[in-house]
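**Student:** In UniProt numbering, the protein residues as written are 1 to 692.
First, the structure itself, so that you have it in front of you.
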């Protein structure tokens with residue numbers, strides 16, 4: 001790891017040690033008194049600077065899913081000293097042959113030994129985590145047995161040098177094929193094809209008693225692990241990854257998809273059953289589909305990530321672990337980048353920057369999904385934040401988008417996952433809630449449904465919604481459907497919405513963005529794997545035309561749009577770099593006009609960009625919340641705070657920019673530059689609870 005990055009991450013550990021044994025910074029939901037708010041010119045100056053805190057639990061289907069799809073988030077979290085637990089649902093036993101040529105046996109007569117291969121994969125994971133957390137792949141682990149709430153047993157591994165790093169192995173059988181039908185799998189268990197799924201124990205596990213789980217027992221087991229660790233951030237895979245249109249096969253491994261659905265159900269059960277716990281956010285990670293998209297990581301970050309995969313893969317074949325079964329997964333040794341997976345990290349949800357907005361002049365509103373519900377924070381005109389208040393209704397997916405009505409009322413939009421008793425009940429739908437009056441409470445969630453006929457054809461793989469408002473205050477909601485085309489529902493004068501209209505496009509990725517320029521013309525943009533498509537109004541109130549090719553280069557997928565003069569400026573990341581690019585697009589008769597591409601910020605970083613005027617917010621080289629200016633020096637000003645999802649930014653009516661991020665502690669953190677301190681300093685939005 002480069003010295004500059006290591007110095008930052010080690011420095012971040014020091015303030016962490018003052019936060020308590022759990023590493024959680026407890027934030028109250030109250031507000032500052034009027035006297036406190038007026039003591040200084042800026043209420044945030046009374047707050048401590050934000051640092052990384054919280055407790056993270058990751059749940060994945062197989063050993064290596066975390067290394068391929070959750071890194072570098074994982075390694076950076078480990079380096080800060082946070083409590084991190086990873087739960088593996090299956091043993092990942094595959095064909096039982098630990099070979100470095102993609103799993104094709106050199107000796108066809110060699111018998112498969114799934115228990116030994118699964119043990120080798122465990123050894124590789126322990127080595128990789130030890131290296132990420134301590135720098136020494138041989139750092140010792142203590143392996144014990146814990147009971148599960150589902151009536152079985154799990155192996156618990158604790159890193160001796162860093163006991164806040166835990167691995168939990170449920171050791172269920174895997175599907176043994178990414179897509180082929182195999183009822184004896186997580187997919188079969190979820191869909192009711194089998195009454196219970198049994199264990200595949202490894203040769204070295206301290207768990208000796210075979211067991212099996214019913215569907216409900218597995219949900220109880222995962223929920224019980226969440227209760228044990230009480231996370232503030234839950235990381236999981238993508239439960240709705242889509243299908244290939246030509247073959248109908250999943251774009252991700254079936255274990256990833258159905259494992260994530262079990263985690264969804266367990267998370268909902270945990271949120272409902274356990275009330276004396278910290279609030280939590282959920283982060284979903286894209287899986288195999290990363291291989292079809294431009295690289296999201298810069299070469300240096302990717303090289304570090306691949307180094308951990310090489311450790312897991314036991315690429316040097318050195319006998320350092322003392323296990324007769326092998327020290328790693330030799331299947332990965334032949335290709336430690338996977339199928340173009342190691343050079344990227346992408347969030348399957350919550351990767352848009354439109355969740356912070358101004359309502360009535362001077363009043364800001366922020367939204368994020370906590371505990372499966374929509375959390376709302378608000379900042380009054382004095383600069384004091386309150387919240388979070390949780391809107392009624394569960395099942396809200398990570399990510400929120402907003403729209404502002406002409407009278408200053410806010411509309412918040414999201415997708416909602418419906419979990420029913422039958423597999424066929426699973427679905428996602430678009431929902432929205434509107435304030436009952438300016439600065440007032442929000443009304444109930446209203447459903448716009450989904451353009452999909454059901455879950456099974458496309459696995460409910462819809463995007464987050466984007467919305468635009470016409471001068472009369474009527475909404476149009478845009479969505480990428482599972483066919484990767486653009487759809488829209490338009491609100492009529494009666495208040496009712498049209499059916500989902502087809503707006504075309506193909507190969508759309510991530511979430512669309514919608515914005516109205518200063519002349520009142522609507523813009524809608526969506527990325528493809530190679531460029532960006534545009535839908536624009538040639539004049540206010542004219543029909544939306546498109547899709548138009550923009551000629552823009554490939555992006556790493558997430559887009560952010562902001563008004564700029566008479567047009568809209570798009571912000572995105574350059575592949576294999578992370579540097580922020582932008583282009584000005586002006587609507588008019590015919591195709592929109594696109595400027596040349598300019599660049600801002602330093603190299604490295606990934607994910608969406610928050611934009612407020614000339615102030616840009618995003619992940620920088622070390623993965624922390626950072627700011628830079630459009631056209632300014634080519635560098636990020638980094639904080640000491642890792643965060644979930646995407647950052648957001650907004651200009652209030654005075655032209656003051658505010659940036660916001662949801663920390664790994666599940667609390668809102670904000671930064672606002674002032675004339676005396678033009679570089680923003682991140683603070684918890686809500687005052688910490690005084691120590692007792």
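The beta carbon of each residue, even a glycine, is placed where N, CA and C say it ideally should be.
Bear in mind that the values here come from a model prediction, so they are computed numbers and not experimental data.
Compute the Euclidean distance between the alpha carbons of residue 387 and residue 376, then round it to the nearest angstrom.
**Tutor:** As a first step, residue 387 must be located in the chain shown, where it is residue number 387. As a first step, residue 376 must be located in the chain shown, where it is residue number 376. Rounded to the nearest angstrom, the two C-alpha atoms are 6 Å apart.
**Student:** Count the other CB atoms, across all protein chains shown, that sit within 10 Å of the CB of residue 498; report buried if there are 16 or more and exposed otherwise.
**Tutor:** Stepping through the chain shown from its first residue, residue 498 is reached at position 498. Flag for residue 498 reads exposed.
**Student:** For residue 406, collect the residues of the same chain with a Cβ closer than 6 Å to its Cβ; drop the 5 residues on either side in sequence, then sort them by chain order.
**Tutor:** Walking along the chain shown from the start, residue 406 turns up at place 406. These residues qualify, in order along the chain: 473.
**Student:** Within the same chain, show all residues whose beta-carbon is closer than 6 Å to that of residue 121, passing over the 5 residues directly before and after it, in chain order.
**Tutor:** As a working note, residue 121 is residue 121 in the chain shown. The residues are 63, 92 and 329.
**Student:** Should residue 208 go down as buried or exposed, given a rule of 16 or more other Cβ atoms within 10 Å for buried?
**Tutor:** Counting from one through the chain shown, the residue named residue 208 turns up at place 208. Per the 10 Å Cβ criterion, exposed.
**Student:** Alpha carbon to alpha carbon, how far is residue 682 from residue 85?
**Tutor:** Your numbering for residue 682 matches position 682 in the chain shown. Your numbering for residue 85 matches position 85 in the chain shown. About 27 Å.
**Student:** Ignore the nearest five residues each way along the sequence and tell me which others in residue 215's own chain have a CB closer than 6 Å to its CB.
**Tutor:** Against the chain shown, residue 215 aligns to sequence position 215. The answer, listed in chain order, is 189.
**Student:** Indicate the three-state DSSP secondary structure (helix, strand or coil) for residue 381 in the structure shown.
**Tutor:** The sequence position of residue 381 within the chain shown is 381, counting from 1. In this structure, residue 381 counts as coil in the three-state DSSP scheme.
**Student:** Across which residues does DSSP place residue 523 in a beta bridge pair?
**Tutor:** Stepping through the chain shown from its first residue, residue 523 is reached at position 523. BP columns for residue 523 point to 515 and 536.
**Student:** Put residue 707 into one of helix, strand or coil per three-state DSSP.
**Tutor:** Any question about residue 707 goes unanswered here, given that the chain covers just 1 to 692.
**Student:** Got a sec, what are the start and stop residues for the beta strand (DSSP E) residue 497 sits in?
**Tutor:** To locate residue 497, count along the chain shown from 1; it is residue 497. Per DSSP, residue 497 belongs to no beta strand (DSSP E) and is neither H nor E.
**Student:** Quick check: the Cα distance between residue 49 and residue 684, rounded to an integer number of angstroms?
**Tutor:** As a first step, residue 49 must be located in the chain shown, where it is residue number 49. As a first step, residue 684 must be located in the chain shown, where it is residue number 684. Cα to Cα, residue 49 sits roughly 7 Å from residue 684.
**Student:** Going by DSSP in three states, residue 310 sits in which element: helix, strand or coil?
**Tutor:** Here residue 310 refers to the residue found at position 310 when the chain shown is read from its first residue. Residue 310 falls in the helix class under three-state DSSP.
**Student:** Tell me the residue span of the beta strand (DSSP E) that contains residue 142.
**Tutor:** As a working mapping, residue 142 is identified with position 142 in the chain shown. That run of the beta strand (DSSP E) goes 141 to 147.
**Student:** Counting Cβ pairs, one atom from each stretch, are 3 or more of them under 8 Å apart for the region 51 to 58 and the region 126 to 145?
**Tutor:** Counting Cβ pairs under 8 Å, fewer than three are found: no touch.
**Student:** If contacts are defined as beta-carbon pairs under 8 Å, then residue 414 and residue 475 qualify, I think. What distance do you get, rounded to the angstrom?
**Tutor:** Taking the chain shown and counting its residues from 1, one reaches residue 414 at position 414. Taking the chain shown and counting its residues from 1, one reaches residue 475 at position 475. The Cβ separation is near 14 Å, so there is no contact.
**Student:** Count the other C-beta atoms from every protein chain shown that fall within 10 angstroms of the C-beta of residue 577, then say buried if there are 16 or more, exposed otherwise.
**Tutor:** For the purposes of this step, residue 577 is taken as residue 577 along the chain shown, with counting starting at 1. The residue in question, residue 577, is buried, as its Cβ has 16 or more Cβ neighbours within 10 Å.
**Student:** Just to confirm before moving on: does the CB-CB distance between residue 488 and residue 478 stay below 7 Å?
**Tutor:** Stepping through the chain shown from its first residue, residue 488 is reached at position 488. Stepping through the chain shown from its first residue, residue 478 is reached at position 478. Cβ atoms of residue 488 and residue 478: closer than 7 Å.
**Student:** Would you please state the rounded distance, in angstroms, between the beta carbons of residue 175 and residue 186? I believe it to be under 8 Å.
**Tutor:** As a first step, residue 175 is located in the chain shown; it is residue number 175 there, counting from the start. As a first step, residue 186 is located in the chain shown; it is residue number 186 there, counting from the start. 7 Å between Cβ atoms; contact.
**Student:** For residue 255, does the three-state DSSP call read helix, strand or coil?
**Tutor:** Along the chain shown, read from residue 1 onward, the residue named residue 255 stands at position 255. DSSP places residue 255 in helix when its eight states are reduced to three.
**Student:** Within its chain, find whatever has a CB closer than 6 Å to the CB of residue 460; leave out the 5 residues flanking it on each side and keep chain order.
**Tutor:** The residue given as residue 460 occupies position 460 in the chain shown. Hits under 6 Å: 240, 427 and 428.
**Student:** Is residue 333 close to chain D? Criterion is C-beta to C-beta, closer than 7 Å.
**Tutor:** Absent here is chain D; the protein component of the structure consists of one chain.
**Student:** So what's residue 457 in DSSP terms, helix, strand or just coil?
**Tutor:** Along the chain shown, read from residue 1 onward, the residue named residue 457 stands at position 457. Note: residue 457 maps to helix in three-state DSSP.
**Student:** What's the gap between the Cα of residue 612 and the Cα of residue 627?
**Tutor:** Along the chain shown, read from residue 1 onward, the residue named residue 612 stands at position 612. Along the chain shown, read from residue 1 onward, the residue named residue 627 stands at position 627. Roughly 11 Å between the two C-alpha positions.
**Student:** Can you tell me the Cα-Cα spacing of residue 141 and residue 203, whole angstroms?
**Tutor:** Sequence index remark: in the chain shown, residue 141 carries index 141 (1-based). Sequence index remark: in the chain shown, residue 203 carries index 203 (1-based). When rounded, the distance between both Cα atoms is 16 Å.
**Student:** I need the boundaries of the beta strand (DSSP E) containing residue 585, first residue and last residue.
**Tutor:** As a first step, residue 585 is located in the chain shown; it is residue number 585 there, counting from the start. 580 to 586 is the span of the beta strand (DSSP E), which, as asked, contains residue 585.
**Student:** For the beta strand (DSSP E) containing residue 234, name the first residue and the last one.
**Tutor:** If you number the chain shown from 1, residue 234 lands on position 234. Start and end: 233 to 237.
**Student:** May I ask you to report which of helix, strand or coil DSSP gives residue 410?
**Tutor:** As a position in the chain shown, residue 410 is number 410, starting the count at 1. If DSSP states are grouped into helix, strand and coil, residue 410 belongs with the strands.
**Student:** Measure the Cβ-Cβ separation of residue 649 and residue 617 and say whether it is below 7 Å.
**Tutor:** Indexing the chain shown from 1 puts residue 649 at position 649. Indexing the chain shown from 1 puts residue 617 at position 617. Yes, these two residues count as a Cβ contact at 7 Å.
**Student:** Kindly give me the distance between the Cβ atoms of residue 644 and residue 664, rounded to whole angstroms, as I take these residues to be in contact under 8 Å.
**Tutor:** Position 644 of the chain shown, counting from 1, holds the residue named residue 644. Position 664 of the chain shown, counting from 1, holds the residue named residue 664. Confirmed, about 6 Å.
**Student:** Leaving out five residues on either side along the sequence, give the residues of the same chain with a beta carbon under 7 Å from the beta carbon of residue 143.
**Tutor:** For this step, residue 143 is matched to residue 143 along the chain shown. Closer than 7 Å at the Cβ level, and outside the excluded window around residue 143, lie 155, 157 and 206.
**Student:** Would you identify the three-state DSSP class for residue 440, choosing helix, strand or coil?
**Tutor:** For this step, residue 440 is matched to residue 440 along the chain shown. Correct three-state label for residue 440: coil.
**Student:** Out of 540, 506, 60 and 348, which one is the CA nearest neighbour of residue 526?
**Tutor:** Mapped onto the chain shown, residue 526 falls at position 526. The residue with the shortest Cα to Cα distance from residue 526 is 506.
**Student:** Starting from residue 123 and walking both ways along the alpha helix (DSSP H), at which residues does that stretch end?
**Tutor:** Against the chain shown, residue 123 aligns to sequence position 123. Here the alpha helix (DSSP H) through residue 123 covers 114 to 134.
**Student:** Quick one: is residue 305 buried, meaning 16 or more other Cβ sit within 10 Å of its Cβ, or exposed?
**Tutor:** In the chain shown, counting from the first residue as 1, residue 305 sits at position 305. Under this definition residue 305 is a buried residue.
**Student:** For residue 317, does the count of other Cβ atoms within 10 angstroms reach 16, so buried, or fall short, so exposed?
**Tutor:** The residue you call residue 317 lines up with position 317 of the chain shown. Burial call: exposed.
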